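What follows is a set of notes on a single structure, which appears directly below.
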């Protein structure tokens, strides 16, 4: 019986540590997004509610650590390869959080009369299955180098899925696509 009690206490302690770690990662994600939003935007009217909505969705969905891993990965890849990120496709399209973390080059926040992009809100009932699939497009000639950097960072080997390399992070699968069309947005 004492072994069972010790085992039960150990499980409770592991669960407590796991919750604390996730809360810390969630707070770090929130801090990074808000810090970058303050840098990117001087006038944040309407932006705060949208960021809070997206962060709540990401954090409550258990994806905060995966988003922080993607942020770290993209910063490293951009630094080492001096690359441009391709156009948005998939989940990150229209996400203010993804833009503030540098995962996408397209600013979904309106300037002037163009209106607010509603792409992020088109997730029906906010239903999703974990892990979340995120597509990131890289310059064609640098995509494989980006994959190698990610493999080294996370000590893993990319898998191929439908001809595209993927890296599995914490509740997020990152697909590395070649951007075959030239683009002018530097990031």
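Residue numbers (the numbering used here): -13 to 173.
Just so you know, even glycine gets a beta-carbon here, dropped at the ideal spot from N, CA and C.
All values derive from a computational prediction rather than experimental measurement.
>> Please state the DSSP three-state secondary structure of residue 81.
In response: coil
>> With distance defined between alpha-carbon atoms, name the residue in 47, 126, 49 nearest to residue 162.
In response: 126
> Can you give the Cα-Cα distance for residue 105 and residue 154, rounded to whole angstroms?
Replying inline: In this prediction, residue 105 scores a pLDDT of 48, lower than 50, which makes its location untrustworthy; the coordinate-derived value is nonetheless stated afterwards. Each residue's Cα considered, the two are about 24 Å apart.
> Per DSSP, what kind of secondary structure is residue 165 in: helix, strand or coil?
Replying inline: strand
> Just the Cα atoms here: how many angstroms apart are residue 66 and residue 131?
Replying inline: 10 Å
>> Applying the 10 Å Cβ sphere with the 16-neighbour rule, what's the burial state of residue 28?
In response: exposed
>> How far does the beta strand (DSSP E) with residue 87 in it extend, from its first residue to its last?
In response: Unbroken run through residue 87: none, as it is neither H nor E.
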